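Here the sequence shown stands for residues 1234 to 1351, where the numbers follow the numbering used here. All residues carry an ideal CB built from backbone N, CA and C; glycine is no exception. Source: prediction; values computed, not measured.
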Amino acid sequence: MATNPDPTKYVDKNEVMKCQKAYLIADKQVGLVHESVQLAKTALQKNEITKRELEALTDHKVYKAVGRMFVLSKGDLKADLEAHTKDIQDEMVKYDEMMKTYKDKRDKAYQDLQNLAK
């Protein structure tokens, strides 16, 4: 004779799917932010290399490749690099905040799945 399942242990399939979807989305977002952080770090490293090379140059005009070639003074190029570096650092702060938010979402979705499984 079959016994009826305990209704208190019944888990809504839609609720499980919703939690799984939330977890997968949050995990994907964490991965995307991680990739963005890596790209920003690479850009910072390139800026630092360029700054070091500029220090070794005498004060003559240098080329900056942006679409067409433009002639810039060493000071102009340095100012450009510093502004770009600041922008990247600001972006990285935003990425850190986004990473924390998405990790929290992912952890909450995981916890919800664990609670549904109990």
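{"query": "Nonlocal neighbours in the same chain, by C-beta distance under 6 Å from Met1325, ignoring five residues either side", "result": "Ala1273"}
{"query": "Exposure label - Leu1310; buried when at least 16 CB within 10 Å", "result": "buried"}
{"query": "Under the three-state DSSP convention, the category Leu1290 falls into", "result": "coil"}
{"query": "Cutoff 6 Å; reference Ser1269; Cβ partners in own chain excluding five residues on either side", "result": "Tyr1328"}
{"query": "Alpha carbon of Met1234 to alpha carbon of Lys1246, nearest angstrom", "result": "With a pLDDT of 49 at Met1234, under the threshold of 50, the modelled position of that residue is not reliable, and no figure is offered here."}
{"query": "Exposure label - Arg1339; buried when at least 16 CB within 10 Å", "result": "buried"}
{"query": "Nearest-angstrom beta carbon gap, Lys1284 and Leu1314 [assumed within contact, 8 Å]", "result": "6 Å"}
{"query": "Run of the alpha helix (DSSP H) containing Asp1320, from where it starts to where it stops", "result": "1307-1350"}
{"query": "Cα-Cα separation, Thr1334 to Lys1279", "result": "29 Å"}
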